[in-house]
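So the structure is just underneath, and the comments pick up after that.
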Amino acid sequence: MKSFVCRCEQVVAIVRKDFVVSLRRRAALAAMMMFALTATAALSLSTSGVVEPKILSALLWVIIFFAAGAGVAGTFDDEAQAGTLPTLKLYADAQAVLFGKMIHVLASLISLTVFIVPTFLILFDADVADGLLMVATLLLGLIGLSAAGTLTAALTTSAVAKGGLFPILLFPVTLPIFLPAISLTEAALTGAAFDGGSLVMMMMFDAMLVTAASILYDYL
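First residue of the sequence shown? That's 256 in my numbering, and the numbers climb one at a time after it.
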């Protein structure tokens, strides 16, 4: 019990540290938001007439994926550049480091999504028919993206061509999440009946990604 409490304290400390650092250096979040705004504006201006809900859903998740990649790839950059990553692993358990980083990434992606979705709906003149389904789909998608993104960022921290390698490694891992997410987002936009199995599939794959990240991070 004491070990669990200690690990939770370490996770909270790492989340707090990353939050303070992100406030001082807002470049990552600004890069994600600027990419999202630019991509959304460009896509809305290049499309004419009414866009089908399925296409809108796919475009929304494409924007979220690449906007997230603009910031998540640098999750471990501060420690890597300062040479403090080994020190961090000495101070805190490896699992605490992983989950602290993962929670911070998830919070950043939620902030990004809160900015992206209203902007996307306004520029594409779209409405959400089922808000609860939309929120559930976005949250499940972001949890999986956070788990996969944090592990991929750890794998590519020392890579020379990290900017190109990160999305190449991340996309195949997160594809099983995006496919049901696009379908559920379409149902949320149109108000049509949706397959509950898709939500269950997303939950299961999120659990698999978090578990895999927890197992693999100890060997990095």
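Even for Gly, the Cβ is constructed at its ideal location relative to N, Cα and C.
Annotated three-state conformation of A447 is coil, per DSSP. Linking L364 to A402 through their CA atoms gives a straight-line distance of about 11 Å. For A323, the enclosing alpha helix (DSSP H) covers residues P308 to V327. Using a Cβ-Cβ distance cut-off of 8 Å, the region 318–326 and the region 282–296 are in contact, since at least three pairs of beta carbons, one from each stretch, lie closer than that value. DSSP places V383 in the coil class of the three-state scheme, outside both helix and strand. A direct Cα-to-Cα measurement between L314 and P435 gives close to 14 Å. Taking the Cα positions, L311 is about 11 Å away from D380. Between the C-alpha atoms of C263 and G452 there is a straight-line separation of about 33 Å. In this model, S438 and G399 are separated by some 16 Å (Cα to Cα).
Judged by their CB atoms, L376 and D382 are nearer to each other than the 9 Å cut-off. Apart from the 5 residues on each side of it in sequence, D461 sits with its Cβ closer than 8 Å to the Cβ of L395, I398, G399, A402 and I432 in its chain, given in chain order.
Relative to A285, the option among A297, V327 and I269 whose CA is nearest is V327.
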